[in-house]
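K.L.:
Residues 1 to 104 (UniProt numbering) make up the sequence shown, in order.
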Amino acid sequence: MLHLDDAGQWLRSRVVWLGMRQPPRGLLQLANMLRAQAARSGCYQSPPPFHPHITLLRDASHAVTIPPPGFCWSFPVTSFALYASSYGQGRTRYAELQRWTLGE
1 MLHLDDAGQW LRSRVVWLGM RQPPRGLLQL ANMLRAQAAR SGCYQSPPPF HPHITLLRDA
61 SHAVTIPPPG FCWSFPVTSF ALYASSYGQG RTRYAELQRW TLGE
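#1: Look up Q98 in the DSSP assignment and say whether it is helix, strand or coil.
#2: Nearest-angstrom Cα distance between Y87 and A38?
#3: My output table needs one value for L30: the three-state DSSP class, helix, strand or coil.
#4: How do the segment 53–60 and the segment 6–21 stand: do at least 3 beta-carbon pairs fall below 8 Å, yes or no?
#5: With 16 other CB atoms within 10 Å as the buried threshold, where does A63 fall?
#6: Which residue marks the beginning of the beta strand (DSSP E) containing T55, and which one marks its end?
#7: Sorted by chain position, which residues of the same chain lie with C-beta nearer than 6 Å to I54's C-beta, five sequence neighbours on each side aside?
#8: Return yes when at least one heavy atom of the ligand MN lies under 7 Å from the C-beta of A39, else no.
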């Protein structure tokens, strides 16, 4: 079960997001393993810490209303996927490369 209980807007990148105040340990471990493998493969690693989130809106030109403090939205997660992003014609497109099913 994934619990979303944090929301915000990154003003510099103009992104509105939903996230977790305390991400599950397994999600952080997965992110660390993926970052380590990417680094071994020569991929650039951005310096900011991993902040698991769902992007709701990109290119927000002004502040938007976000859920109030204390909200908690939960839903089951049964798989995760690797996406490739490409930018063209003024927008970013995402293509799913592979999907993995999560076990209990």
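Even glycine gets a Cβ: it sits at the ideal position worked out from N, Cα and C.
Model, not experiment: these values are computed from the prediction.
P.N.:
To lay it out plainly:
#1: Reduced to three states, the DSSP call for Q98 is strand.
#2: 21 Å
#3: helix
#4: yes
#5: exposed
#6: H53 to L57
#7: For I54, where only same-chain residues beyond five positions count, the Cβ hits under 6 Å are L18.
#8: What this structure holds is no ligand at all, so the ligand MN is not there to describe.
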